[in-house]
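Engineer:
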């Protein structure tokens with residue numbers, strides 16, 4: 003080892019010729035010119051009496067102290083100047099949005115309670131609106147904002163704990179969370195990519211063609227799967243996410259607008275249209291039919307509903323994707339080589355793997371509900387609801403290892419969505435139970451009835467108030483149960499043909515779900531994919547609501563006149 007070290011030193015030295023020549027010449031000059039003689043100093047013996055006697059150990063100790071001091075001094079002089087590290091970035095709430103949310107609640111809290119409204123109802127409204135402002139401005143993640151809203155309702159004794167957290171036992175938030183777990187397996191196994199490539203190979207030469215293929219596929223399944231949440235979460239979210247990934251449009255890397263943003267928003271907005279077209283396309287539609295019979299003693303049958311909705315529905319399904327394509331376009335609009343590339347990808351993927359087969363079988367199993375399409379189809383006959391079918395399907399995926407529980411826990415969006423959606427359902431539900439919604443309905447009825455307008459104008463005002471009051475609801479069924487009967491009764495009393503008024507309100511009870519990211523079961527599912535910012539989601543939601551109202555009341559009104567509804 004020593005010889006190796008010496009050899010290395012020799013090699014290093016010899017490899018630097020300039021240093022070698024200078025060192026040799028210095029050595030020669032030193033040998034030829036000895037050091038100059040020292041000046042005459044007194045002999046040590048002459049001064050020794052003046053010095054204290056030093057022992058060998060004390061000399062050694064002193065030498066060590068001097069040596070240590072020299073080393074420390076050398077280290078201090080050679081140490082770099084210390085730099086104060088930058089303080090870590092603030093990871094708490096964004097203060098301005100947080101203050102805006104709190105201010106909204108505080109101001110409304112101290113506004114005098116209107117006559118006919120109970121104090122708990124008004125206080126809950128203040129907390130609910132403060133939470134909505136927080137969800138819009140997002141001082142914290144949505145789940146955290148919603149949890150703070152529930153905490154405020156419990157802290158102020160506005161709601162007991164059991165009531166505030168009651169919606170965590172509601173099946174819809176859990177169905178939405180389970181949809182994200184299915185999407186994980188759909189993509190992880192490669193089944194999503196396989197189906198996505200099939201779609202691209204058939205329709206992928208343009209983004210618009212790809213979007214329309216999804217839109218009309220969803221509309222065809224709508225009458226057979228009477229849960230918009232089940233259609234969105236169990237079938238179309240996994241498929242759309244796979245398509246986006248396959249086309250290079252991912253969340254968080256700046257490629258969302260390549261395809262994903264437009265496709266997610268389009269699939270969501272058209273899901274509320276397809277839900278409006280069939281009596282069995284949305285779980286709350288039979289409630290509208292039941293309340294219609296109870297109020298005016300007339301029945302809305304499956305064929306009657308479909309016949310009235312088919313024309314405005316088809317026009318909306320064609321127009322809405324096109325409008326979104328123009329105002330919120332994907333950056334990749336045409337890809338003529340995509341079908342060929344997709345077919346090549348399918349060839350490389352080869353036959354389906356075992357995990358893909360398990361995933362496909364599980365999806366087929368859970369898709370059966372209502373006596374038309376597995377448990378989401380035959381579940382109606384077997385008395386198995388959609389969320390139970392989804393839990394059974396997830397159990398199969400966990401047992402077979404297609405999806406692991408650790409992966410489910412890692413689906414932060416699923417748990418966040420479960421939290422904020424359940425919180426809004428609870429608060430909105432208790433606004434109704436506390437009587438605020440019935441007070442609002444009666445106030446609107448008195449106001450419109452006192453204007454002395456024609457039934458057409460009166461009904462138009464009622465329709466707009468009914469539609470846009472959905473900002474206060476996190477469930478179509480809750481909105482229908484709270485306001486449908488009152489508005490239908492007033493419309494009929496003001497001269498609106500009762501059956502016509504009922505069927506229009508029934509259609510709008512679905513279309514209004516497109517306003518927000520919580521207004522209908524498919525909203526938190528598609529929004530939770532994180533391809534569209536919240537401000538754009540709400541902005542385009544309002545714009546498309548205007549488009550839908552024009553189509554359904556304009557073109558639809560002409561169609562309904564033609565078929566004799568008014």
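In the working numbering, the protein residues as written are 3 to 568.
Backbone N, C-alpha and C fix where the C-beta goes; we use that ideal spot for every residue, glycine too.
This structure is a prediction, so every number in the text was calculated from the model and none was measured.
#1: Taking just the CA atoms, how far does residue 486 sit from residue 507?
#2: On the premise that residue 464 lies in contact with residue 442, defined as a C-beta separation below 8 Å, what is that separation, rounded to the nearest angstrom?
#3: Any idea which residues DSSP pairs residue 208 with across the strands?
#4: Run through DSSP, which three-state label would residue 493 get?
#5: Go through its chain and collect everything with a Cβ distance to residue 313's Cβ below 6 Å, but skip five positions before and after it.
#6: Do the CB positions of residue 582 and residue 177 come within less than 8 Å of each other?
#7: Kindly indicate which residue of 445, 135, 479 has the alpha-carbon position closest to the one of residue 117.
#8: Suppose contacts are defined by Cβ-Cβ distances below 8 Å. Is residue 206 in contact with residue 340 by that definition?
#9: Under 8 Å, do residue 239 and residue 527 count as touching if we go by C-beta distance?
#10: When the Cα atoms are used, what is the spatial distance from residue 352 to residue 342?
#11: Residue range of the alpha helix (DSSP H) that residue 360 falls in?
#12: Leaving out five residues on either side along the sequence, give the residues of the same chain with a beta carbon under 7 Å from the beta carbon of residue 423.
#13: Is it the case that the Cβ atoms of residue 169 and residue 360 are separated by a distance below 8 Å?
#14: The alpha helix (DSSP H) spanning residue 253 covers which residue range?
#15: Quick check: the Cα distance between residue 188 and residue 491, rounded to an integer number of angstroms?
#16: So, is residue 550 buried or exposed, given that buried needs 16 or more other C-beta atoms within 10 angstroms?
#17: According to DSSP, is residue 161 part of a helix, a strand, or is it coil?
#18: Between which two residues does the alpha helix (DSSP H) holding residue 444 run?
#19: Among 337, 139, 494, which residue has its Cα nearest to the Cα of residue 297?
#20: Please state whether DSSP places residue 534 in a helix, a strand or coil.
#21: Once DSSP output is grouped into helix, strand and coil, what is the label at residue 284?
#22: By the 10 Å Cβ neighbour count, where 16 or more other Cβ atoms means buried, how is residue 411 classified, buried or exposed?
#23: With the cut-off set at 8 Å, would you say residue 473 and residue 126 are in Cβ contact?
#24: By how many angstroms is the C-alpha of residue 152 removed from the C-alpha of residue 295?
#25: Helix, strand or coil: which one does DSSP assign to residue 225?
#26: Roughly how many angstroms separate the alpha carbons of residue 283 and residue 88, rounded to a whole number?
#27: From residue 147 to residue 100, what distance separates their C-alpha atoms?
#28: Kindly list the residues whose CB is nearer than 7 Å to the CB of residue 106, restricted to its own chain and excluding five residues on each side of it in sequence; keep chain order.
#29: Based on Cα-Cα distance, which residue from 517, 500, 268 lies nearest to residue 567?
#30: For the 8 Å Cβ check, are there 3 or more pairs between the segment 254 to 267 and the segment 209 to 218?
#31: For residue 93, name the three-state secondary structure that DSSP assigns.
#32: Work out the CA separation of residue 235 and residue 388 for me, nearest whole Å.
#33: Just tell me which of 394, 554, 182, 250 has its CA closest to the CA of residue 513.
#34: Where do the ends of the alpha helix (DSSP H) carrying residue 408 lie?
#35: Specify, as a first and last residue, the run of the alpha helix (DSSP H) that residue 481 falls within.
#36: Short check: CB of residue 403 to CB of residue 368, under 8 Å?
Structural biologist: From the atom records:
#1: Taking the straight line joining both Cα atoms gives about 7 Å.
#2: Residue 442 to residue 464, Cβ: 13 Å. No contact.
#3: DSSP lists 336 as partners of residue 208.
#4: Helix.
#5: Correct list, in chain order: 561.
#6: The structure shown has nothing for residue 582, since the chain only spans 3 to 568.
#7: Considering only 445, 135, 479, the residue with the shortest C-alpha distance to residue 117 is 445.
#8: Judged by beta-carbon spacing, residue 340 lies within the 8 Å limit of residue 206, meaning their Cβ atoms are closer than that value.
#9: Yes, the pair counts as a contact, with Cβ atoms nearer than the cut-off.
#10: If I take the Cα positions, the gap works out to 16 Å.
#11: 356 to 368 is the extent of the alpha helix (DSSP H) around residue 360.
#12: In chain order, 175, 178, 476, 520, 526 place their CB closer than 7 Å to the CB of residue 423, counting only its own chain and leaving out the 5 sequence neighbours on each side.
#13: In this structure, residue 169 lies away from residue 360, with their beta-carbon atoms at least 8 Å apart.
#14: Following the DSSP letters along the chain, one finds residue 253 in no alpha helix (DSSP H), marked with neither H nor E.
#15: For residue 188 and residue 491, the distance between alpha carbons rounds to 47 Å.
#16: Looking at its Cβ environment, which holds 16 or more other Cβ atoms inside 10 Å, residue 550 is buried.
#17: Correct three-state label for residue 161: coil.
#18: Looking at the DSSP string, the run of the alpha helix (DSSP H) that includes residue 444 is 438 to 451.
#19: When only C-alpha atoms are compared, the closest one is 494.
#20: In this structure, residue 534 counts as coil in the three-state DSSP scheme.
#21: The answer is coil: DSSP assigns residue 284 none of H, G, I, E or B.
#22: By the 10 Å Cβ count, residue 411 comes out exposed.
#23: At least 8 Å separates the beta-carbon of residue 473 from that of residue 126.
#24: Taking the straight line from one Cα to the other gives about 37 Å.
#25: In this structure, residue 225 counts as coil in the three-state DSSP scheme.
#26: Roughly 56 Å between the two C-alpha positions.
#27: Per the coordinates, the alpha-carbon of residue 147 lies some 9 Å from the alpha-carbon of residue 100.
#28: Once the five neighbours on either side are set aside, the close Cβ partners of residue 106 are 131, 132, 135.
#29: Of 517, 500, 268, the residue nearest in Cα terms is 500.
#30: Yes, they touch.
#31: Residue state, collapsed to three classes: coil.
#32: Distance between the alpha carbons of residue 388 and residue 235 is about 11 Å.
#33: With distances taken between Cα atoms, residue 513 lies closest to 554.
#34: Following the DSSP letters along the chain, one finds residue 408 inside the alpha helix (DSSP H) bounded by residues 407 to 411.
#35: First-last of the alpha helix (DSSP H) with residue 481: 478 to 481.
#36: Inclusion of residue 403 and residue 368 in the CB contact set at 8 Å is not warranted, their separation being larger than that value.
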